[in-house]
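Participant: I have a structure here, written as structure tokens, and I will follow up with some questions on it.
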Amino acid sequence: MVNFILSKVGLQGILYILVSHVCIKIFNCKTSFFSRLDHALYEVHNFKETLVTFAAMSVLVQITIKPAQQKDTDFILKSSLFKAKLRSADISDWRIRKRSIDARKASIKLNLQIEFWLLGETRTQPQSFIPQEVHSKPEIAIIGAGPAGLYAALRAIEAGLKPIVFERGKDVRARRRDLAAINKEQTVNPESNYCFGEGGAGTYSDGKLYTRSKKRGNVLKALEWFVHFGASEDILVEAHPHIGTNKLPAIITAMREAILEAGGEVHFNAKLTDIQIKDNAIKALKINDNSWKPFENVVLATGHSARDIFYLLHSKGVYLEAKAFALGVRVEHPQHLIDKIQYHGDVENPYLPPASYSLVEQIDGMGVYSFCMCPGGIIAPCATSQEEVVTNGWSPSKRNNPYANSGIVVSVEPKDLPNYTPHDPFVCLDFQKKVERDCWEVAGKTQQVPAQRMIDFIEKKTSKDFPKTSYQPGIVSVDLNSVLPPMISKRLRKAFSVYGKKMKGYYTNEAVLHAPESRTSSPISIPRNLQTLEHVNVKGLYPCGEGAGYAGGIISAAIDGINCVDAISAKLSNS
1234 MVNFILSKVG LQGILYILVS HVCIKIFNCK TSFFSRLDHA LYEVHNFKET LVTFAAMSVL
1294 VQITIKPAQQ KDTDFILKSS LFKAKLRSAD ISDWRIRKRS IDARKASIKL NLQIEFWLLG
1354 ETRTQPQSFI PQEVHSKPEI AIIGAGPAGL YAALRAIEAG LKPIVFERGK DVRARRRDLA
1414 AINKEQTVNP ESNYCFGEGG AGTYSDGKLY TRSKKRGNVL KALEWFVHFG ASEDILVEAH
1474 PHIGTNKLPA IITAMREAIL EAGGEVHFNA KLTDIQIKDN AIKALKINDN SWKPFENVVL
1534 ATGHSARDIF YLLHSKGVYL EAKAFALGVR VEHPQHLIDK IQYHGDVENP YLPPASYSLV
1594 EQIDGMGVYS FCMCPGGIIA PCATSQEEVV TNGWSPSKRN NPYANSGIVV SVEPKDLPNY
1654 TPHDPFVCLD FQKKVERDCW EVAGKTQQVP AQRMIDFIEK KTSKDFPKTS YQPGIVSVDL
1714 NSVLPPMISK RLRKAFSVYG KKMKGYYTNE AVLHAPESRT SSPISIPRNL QTLEHVNVKG
1774 LYPCGEGAGY AGGIISAAID GINCVDAISA KLSNS
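Start counting the sequence shown at 1234; every next residue gets the next number (the numbering used here).
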């Protein structure tokens, strides 16, 4: 360890820092010489402690390698030791901390961040889930068993609180029958579908774990809990972590079992149908219109598609606000075409994963961007009632389907809408519902969706035929310009033309647009106090996750669930 410090700052550097540090402290001290000497010796001790702390920290180094070298751990170790100016004898352990692909140039590289622990140091341990026994502990209600609700329940158990989870849908395995019915029979169960049920929308719609919400909470902890319950440790390393729809059900089941084992409760087919508010505070809940259940702390984590909850809250005088969201289409390309574009023609490289993309452009004052891009993926029917159609995308863990799909959506502000009325919380929701119903009607009033080839859409021509699609219920040829609102279709046409210049080959009639992509985020916000996280005028009600407008994906929703329970725990501790 001493050799390492000397190699970094040198003996003179250490002495200079030490003397400077001590002298500053001595000459700023207005006591006797001996007192100052004692003070100086104390500061020397403090500096030594600081030096040890510095040495005890892990060392990070960045290296760049070729894709073919990613499995060569000897090469990676030697390269990173050389970059860090360390010897193998200096370290006790190491790992790849982060990995990302740099495909900006024809010579594709992998960027690695390597972490070393020096001799005498202990490797950082993951933040595992640490349960308590909560059978007889104070109870909190959690409405919804999506990522926000599940993580809220897990955090409650850590905090010594008993979570009572009410989920309107079915358990993760029973949901499969209802998903099959949507795809094969085009029948939508309004309580059990791609959006409702254990695990929420994320369980059967991909499992992307990437988030930009670094300031909202502990992202690493949320990821490490996924690993604790069965996810691959690769999600801790990849720049854009992904679990896959095929692997998520077992992980969600493990989370539920941990909740039950600790003494929590999870109830399925349990829909919130009424709330009791007295003196601006939550008092009780009705589930499935049965008798009142008393609760003074309720985490409302119902997801962005639980429209009945918005109407229920509004009828009880709970303040809501219209919220910006985004709406557009889901576009599907052949995956080999996206690989060719993104990897500069290197489509046969066995060391590269199916390529993804991210696009954004300002068009006539509104943002138009790619959303939930799914390489090697499938487009899924995500309606939550029979008389609407909704698309979304997902990928299996291997991302090995022959299609690449992504939402391409237009940002929508409440004031931009033709039906805008100030103080109407439902203005964006009404707009969203109308588009979904219009698309349902023009496609034949089934779960088939209206579709159009990309260039045909730009040229406003109905497509004569289609390549094979991953959307199982089927597609119907429609000029989407006639069904999408003009403010959306006009910007999409311009955006696709611009994207074709950014990604040569993207603008093609091999691409098929499926409409609509409309459930990007909640069109309504349930405002809460920034400090207590309670609703602004209802004590004990904690709006949480995507449905309340405080998350935009699995990880940010999970973090918000943790934050809401921490707020409840702090309140109970101070009461």
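Here a beta-carbon is modelled for each residue, glycine too, at the ideal position from N, C-alpha and C.
1. Just checking: is the beta-carbon of Gly1550 within a distance shorter than 8 Å of some beta-carbon in chain B?
2. Give me whichever residues DSSP pairs with Ala1517 in a beta bridge.
3. If we ignore side chains and look at the alpha-carbon of each, how far apart do Asn1426 and Leu1805 end up?
4. Are the CB atoms of Pro1608 and Gln1568 nearer to each other than 8 Å?
5. Quick one: is Leu1763 buried, meaning 16 or more other Cβ sit within 10 Å of its Cβ, or exposed?
6. In three-state DSSP terms, what is Pro1719?
7. DSSP on Gln1302, reduced to helix/strand/coil?
8. In angstroms, rounded to a whole number, what distance separates the CA positions of Ser1524 and Leu1505?
9. If we count the other Cβ atoms within 10 Å of its Cβ and call it buried at 16 or more, is Leu1493 buried or exposed?
10. From this set, Leu1314, Ile1296, Gln1358, which residue's C-alpha is nearest Leu1345's C-alpha?
11. Would you kindly work out how many angstroms separate the C-alpha atoms of Leu1383 and Phe1315, rounded to a whole number?
12. Looking at the structure shown, is Arg1686 part of a helix, part of a strand, or coil, going by DSSP?
13. Between which two residues does the beta strand (DSSP E) carrying Thr1624 extend?
14. Name the two residues that bound the continuous alpha helix (DSSP H) containing Asp1793.
15. Residue range of the beta strand (DSSP E) that Met1488 falls in?
16. Between the alpha carbons of Glu1466 and Val1660, how many angstroms are there, rounded?
17. State yes or no: is the C-beta of Leu1560 within less than 8 Å of the C-beta of Val1642?
18. Roughly how many angstroms lie between the CA atoms of Glu1669 and Pro1749, to the nearest whole one?
19. Buried or exposed: which applies to Ser1548, given that a residue is buried once 16 or more other Cβ atoms fall within 10 Å of its Cβ?
20. Beta-carbon within less than 7 Å of Ser1802's beta-carbon, same chain only, minus the 5 sequence neighbours each way: which residues are those?
21. Run through the DSSP bridge pairs and tell me what Thr1297 is partnered with.
22. Between Val1623 and Ser1710, is the Cβ-Cβ spacing less than 8 Å?
23. Gln1575: which of Asp1305, Ser1340, Pro1527 sits nearest, CA to CA?
24. Tell me the DSSP secondary structure of Gly1561 in three-state form.
25. What's the gap between the Cα of Pro1655 and the Cα of Gly1430?
26. For Val1731, which residues from the same chain have a beta carbon less than 6 Å from its beta carbon, with the 5 sequence-adjacent residues on both sides left out?
27. Can you check which of these residues, Ala1684, Gly1402, Phe1362, is closest to Leu1387 by C-alpha distance?
28. May I have the straight-line CA-CA distance separating Tyr1775 from Arg1563, to the nearest angstrom?
29. Please classify Ser1321: does DSSP put it in a helix, a strand, or coil?
30. Where do the N-terminal and C-terminal ends of the beta strand (DSSP E) with Phe1604 fall, by residue?
31. On a Cα-Cα basis, can you pick out the residue from Ala1472, Pro1474, Phe1501 that is closest to Thr1486?
32. Which residues does DSSP list as the beta-bridge partners of Arg1410?
33. Run through DSSP, which three-state label would Ala1385 get?
34. Figure out for me which residue from Leu1518, Pro1760, Asn1652, Ile1376 has the closest Cα to the Cα of Ala1534.
35. Is Asn1638 helix, strand or coil by DSSP?
36. For Arg1330, which three-state DSSP category applies?
Facilitator: In short, the structure shows the following:
1. Structure shown: chain B not included; a single protein chain is present.
2. Taking the sequence shown and counting its residues from 1, one reaches residue 1517 at position 284. DSSP lists Gln1509, Pro1527 as partners of Ala1517.
3. In the sequence shown, the residue the question calls residue 1426 occupies position 193. In the sequence shown, the residue the question calls residue 1805 occupies position 572. Whole-angstrom Cα-Cα distance: 36 Å.
4. In the sequence shown, residue 1608 corresponds to position 375, counting from 1. In the sequence shown, residue 1568 corresponds to position 335, counting from 1. In contact: Pro1608 and Gln1568 (Cβ atoms closer than 8 Å).
5. As a position in the sequence shown, residue 1763 is number 530, starting the count at 1. Looking at its Cβ environment, which holds fewer than 16 other Cβ atoms inside 10 Å, Leu1763 is exposed.
6. For the purposes of this step, residue 1719 is taken as residue 486 along the sequence shown, with counting starting at 1. Secondary structure at Pro1719: helix, using DSSP grouped into helix, strand and coil.
7. In the sequence shown, residue 1302 corresponds to position 69, counting from 1. Three-state DSSP puts Gln1302 in a helix.
8. The residue given as residue 1524 occupies position 291 in the sequence shown. The residue given as residue 1505 occupies position 272 in the sequence shown. So the alpha carbons of these two residues sit roughly 12 Å apart.
9. Mapped onto the sequence shown, residue 1493 falls at position 260. Leu1493 sits exposed, since fewer than 16 C-beta atoms from the chains shown fall within 10 Å of its C-beta.
10. As a first step, residue 1345 must be located in the sequence shown, where it is residue number 112. Of Leu1314, Ile1296, Gln1358, the residue nearest in Cα terms is Ile1296.
11. Looking up residue 1383 in the sequence shown gives position 150. Looking up residue 1315 in the sequence shown gives position 82. Each residue's alpha carbon lies about 44 Å from the other.
12. Residue numbering aside, residue 1686 sits at position 453 when the sequence shown is read from its first letter. Reduced to three states, the DSSP call for Arg1686 is strand.
13. The residue you call residue 1624 lines up with position 391 of the sequence shown. Element bounds for Thr1624: 1624-1627.
14. Walking along the sequence shown from the start, residue 1793 turns up at place 560. Judged by DSSP secondary structure, Asp1793 falls within the alpha helix (DSSP H) whose first and last residues are 1787-1807.
15. Against the sequence shown, residue 1488 aligns to sequence position 255. Counting along the chain, Met1488 sits inside no beta strand (DSSP E); it lies in the alpha helix (DSSP H) bounded by residues 1481-1495.
16. By 1-based counting over the sequence shown, the position of residue 1466 is 233. By 1-based counting over the sequence shown, the position of residue 1660 is 427. Roughly 43 Å separates the two Cα atoms.
17. By one-based count along the sequence shown, residue 1560 stands at place 327. By one-based count along the sequence shown, residue 1642 stands at place 409. Yes, they are a contact pair.
18. As a first step, residue 1669 is located in the sequence shown; it is residue number 436 there, counting from the start. As a first step, residue 1749 is located in the sequence shown; it is residue number 516 there, counting from the start. Approximately 7 Å, taken between the alpha carbons.
19. For this step, residue 1548 is matched to residue 315 along the sequence shown. Burial call: exposed.
20. Residue 1802 sits at position 569 when you count from the first residue of the sequence shown. Taking C-beta separations shorter than 7 Å and ignoring five residues to either side along the sequence, the partners of Ser1802 in its chain run Ala1392, Leu1394, following chain order.
21. Counted from its first residue, the sequence shown places residue 1297 at position 64. Per DSSP, Asn1344.
22. Taking the sequence shown and counting its residues from 1, the one referred to as residue 1623 is at position 390. Taking the sequence shown and counting its residues from 1, the one referred to as residue 1710 is at position 477. Cβ atoms of Val1623 and Ser1710: not closer than 8 Å.
23. For the purposes of this step, residue 1575 is taken as residue 342 along the sequence shown, with counting starting at 1. Answer by Cα proximity: Ser1340.
24. By one-based count along the sequence shown, residue 1561 stands at place 328. The answer is strand: DSSP assigns Gly1561 an E or B state.
25. Within the sequence shown, the letter at position 422 stands for residue 1655. Within the sequence shown, the letter at position 197 stands for residue 1430. If you take the alpha carbons of Pro1655 and Gly1430, they lie about 34 Å apart.
26. Looking up residue 1731 in the sequence shown gives position 498. Glu1594, listed in sequence order.
27. Taking the first residue of the sequence shown as position 1, residue 1387 is located at position 154. Of the listed residues, the one whose Cα sits closest to Leu1387 is Phe1362.
28. The residue you call residue 1775 lines up with position 542 of the sequence shown. The residue you call residue 1563 lines up with position 330 of the sequence shown. Roughly 33 Å between the two C-alpha positions.
29. Numbered from 1 along the sequence shown, position 88 holds the residue referred to as residue 1321. Look at Ser1321 here: in three-state DSSP terms it is helix.
30. Within the sequence shown, residue 1604 is the residue found at index 371, counting from 1. Membership of Phe1604 in the beta strand (DSSP E) is indicated by the continuous run 1599-1607.
31. Residue mapping note: residue 1486 aligns to position 253 of the sequence shown, counting from 1. It is Phe1501 whose Cα lies nearest to the Cα of Thr1486.
32. The residue you call residue 1410 lines up with position 177 of the sequence shown. Partner(s): none; Arg1410 has no beta bridge.
33. The residue given as residue 1385 occupies position 152 in the sequence shown. Helix, per DSSP.
34. For this step, residue 1534 is matched to residue 301 along the sequence shown. Nearest option by C-alpha distance: Ile1376.
35. For the purposes of this step, residue 1638 is taken as the residue at position 405 of the sequence shown. Looking at Asn1638 - three-state DSSP - the assignment turns out to be strand.
36. Counting from one through the sequence shown, the residue named residue 1330 turns up at place 97. Of the three classes helix, strand and coil, the one that applies to Arg1330 here is strand, per DSSP.
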